[in-house]
Structures are given as structure tokens and as C-alpha cells.
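Residue 18 is where the sequence shown starts when you use the working numbering, and the numbers rise one by one after that. Heads up, the thing below is written out as C-alpha cells.
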Amino acid sequence: MFDLKDRVAIVTGGNGGIGLGMARGLAGAGARVVVAARNQTKSAAAVRELEKLGGQGLAIAVDVVDEASVDALVRSTLDRCGRLDILVNNAGINIRKQPQDYTLAEWRRVLDTNLTSAFLCSRAAYAPMKAAGRGKIINIGSMMSIFGASFAPAYSASKGGIVQLTRALSSAWAKDNIQVNAVLPGWIDTELTQNARREVNGLHDNVLRRTPAGRWGTIEDMSGIAVFLASPASDFVTGAAIPVDGGYSSQG
Ligand code: NDP
């Protein structure tokens, strides 16, 4: 039910953080994982790590804000691996500022990287998935898909948009046996949140206090949900937004 042998997965931003945690899970379940990001030194290290764990990986460079680069990523995956079964739209950034201090260029950079990228990658993946008669798309939202934060206006808008994009894609493509779901991570210890802890006073302790599990998440916490949503175990699950947050979003 959770076997991903012979499946091919693209994980955008798979060279670190949550993307790497998901890539490890997928590779561990048998999938060949395309690590798709900009920094090729980090991507090569991630591929070596997947191989050390007994999995299969390869790195393909992509800038997810660039339509041509995204289309080339999918073409190159099909050329080199022969198929595409799973897409994880994980690449993301944040620029932490109050709304009144945001420039239009900053706003667009966050929306392009976090939201438009998921549309571009999903659109590119649709034809090969439809032709294969099945597909799995996993979009990465956030607690800010549900809650707002004064220091993250563009990020919150992009992550709210991810949930609605997920619902729209799942409605459109259910007939093609393509399931599209979102994962909403709580506070996970990664480079992104190490920066957040430096920039937002008191964040570390607030997260500990606010999270019923009493700890920050680790990238390993993201492996199982990736396997579930990529495997036949979730064939009747689509359009869902699933928190993986140690209870953060269910505490009043
Ligand atoms: P990291 O900063 O560790 O990883 C971000 C990844 O995105 C990197 O692999 C980076 O690779 C890639 N990336 C960024 N911009 C681009 C681009 N233009 N093209 C291709 N790849 C890009 O962050 P996290 O692992 O924490 O975050 C991953 C996702 O999870 C994001 O969408 C984030 O919003 C979300 N998230 C994180 C949470 C957390 O607590 N950590 C909580 C909720 C959601 P490279 O620089 O090599 O391109």
C-alpha cells in the first residue's frame, strides 16, 4: 500500500529542509527522486545522502519562478527517468517585513516562488500524469495557510493561495486519477526558520509554548506524510489540507 518502487518523484527544493525530509521518505519507500533546486552543490549532497540511505536520486537544476526552467525540468525528468508519478511543490521563501514596508518586487518574489511555481510545475506535470493514468501532487502550505502573521503578508497570502490552488487542481484532475493535496507543516527546524528565529523576537519560545507536542518539528517528521500522499494508500484522498504540526492548529 505504501510501496513506491518504480515511481519517479520530483521534489522542488528537495536539497534541504522539509523537501529533503520528504525526499528521504519517498526514496526510502522505493521512489527515484529528482532533487530540483537552484544550488547544485546542495543538490548533489542531497542525492549522495539519498543514495547512502539505499535510495535513488538525481539532481536537476530549476528556478521555479521561471516558466521555461520548470518546463525543462519536467522534460528532462521524462527523458532521464521515463516517467513522472509524483510532484512535491515545496520550494519556498519568506521576506519578513510589515506590510507597509513591502515593495512590489518583494511581494511578487514571494508570490512567484511560493504560489505561481506550484501552478507552473503542476501544469507541466499534468500531461505525463494524465497519459500514465495516475498522478500524485503534494503542495506545501503552512500554518500561515490558516493564520496570519504581521511580519509575513506575502507569505501568508501565498500559503492561503496554495490551499485554494490545491482544491481547484484536485477538482479539475480527479477524473484523470490525479490526487492533489496540501500539507500544512507546523514549525519545523530548517534554514528558513533558523532565519525566522533570528529575525522575530521570542519566536523560539512562543512556538514551544504554543505547540501541544512541546517541541519544534524535524524534517524527519515530514517523511511519512509524503509517503502516504504519494502512495496508493491515499488514492481516495484529494483536495485535502493536512496539518503536520504537533497540534499547533488544533489548540484554541
Ligand atoms: P529551506 O529554506 O530549508 O528550503 C527552501 C528550499 O526551496 C531550498 O531547497 C531552496 O533551494 C528551494 N528554493 C527556493 N527558491 C527556489 C527557486 N526559485 N527555485 C527552486 N528552488 C527554490 O526551507 P524549508 O524547508 O523550511 O521550507 C520548505 C517549504 O516548506 C517552503 O515552501 C516553506 O514555506 C514551507 N514551510 C516551512 C515551514 C517551517 O517551519 N520550516 C513551516 C511551513 C511551511 P535552492 O536555494 O537551492 O534553490
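Quick reminder that beta carbons are idealized off the backbone N, C-alpha and C, glycines included.
**Prompt:** Could you give the distance in angstroms between the alpha-carbon of Pro249 and the alpha-carbon of Pro229?
**Reply:** As a working mapping, residue 249 is identified with position 232 in the sequence shown. As a working mapping, residue 229 is identified with position 212 in the sequence shown. So the alpha carbons of these two residues sit roughly 31 Å apart.
**Request:** Thinking Val105 and Ala243 are a contact (beta carbons under 8 Å), I'd like their distance in whole angstroms, please.
**Result:** As a position in the sequence shown, residue 105 is number 88, starting the count at 1. As a position in the sequence shown, residue 243 is number 226, starting the count at 1. The pair is a contact, with the Cβ atoms about 7 Å apart (cut-off 8 Å).
**Message:** Can you tell me which residues form a DSSP beta bridge with Gln57?
**Reply:** Numbered from 1 along the sequence shown, position 40 holds the residue referred to as residue 57. According to DSSP, which records beta bridges pairwise, Gln57 is partnered with nothing at all.
**Asked** Which whole-angstrom value describes the C-beta separation of Ala247 and Ala54, a residue pair presumed to lie in contact below a C-beta threshold of 8 Å?
**Response** Against the sequence shown, residue 247 aligns to sequence position 230. Against the sequence shown, residue 54 aligns to sequence position 37. Incorrect: roughly 19 Å between the Cβ atoms, too far for contact.
**Message:** DSSP three-state label for Arg125, please.
**Reply:** Indexing the sequence shown from 1 puts residue 125 at position 108. Helix at Arg125.
**Asked** Going by C-alpha distance, which of Met146, Ala258 and Leu128 is nearest Gly99?
**Response** Reading the sequence shown from its first residue, position 82 is the one you call residue 99. Checked all of Met146, Ala258 and Leu128; the closest Cα to Gly99 is Met146.
**Prompt:** Do you know offhand how far Leu209's Cα is from Gly33's?
**Reply:** If you number the sequence shown from 1, residue 209 lands on position 192. If you number the sequence shown from 1, residue 33 lands on position 16. Cα to Cα, the separation comes out at about 10 Å.
**Request:** With Thr94 as the anchor, note down where its alpha helix (DSSP H) starts and where it stops.
**Result:** In the sequence shown, residue 94 corresponds to position 77, counting from 1. Element bounds for Thr94: Glu84 to Cys98.
**Prompt:** Where Asp1 and Lys153 are concerned, what is the direct C-alpha to C-alpha distance, given to the nearest angstrom?
**Reply:** Lying outside 18 to 269, the shown extent of the chain, residue 1 is not represented and no answer is given.
**Request:** Determine the direct distance from the alpha carbon of Val91 to that of Asn218, and round the result to whole angstroms.
**Result:** As a working note, residue 218 is residue 201 in the sequence shown. As a working note, residue 91 is residue 74 in the sequence shown. The alpha-carbon atoms of Asn218 and Val91 are separated by roughly 41 Å.
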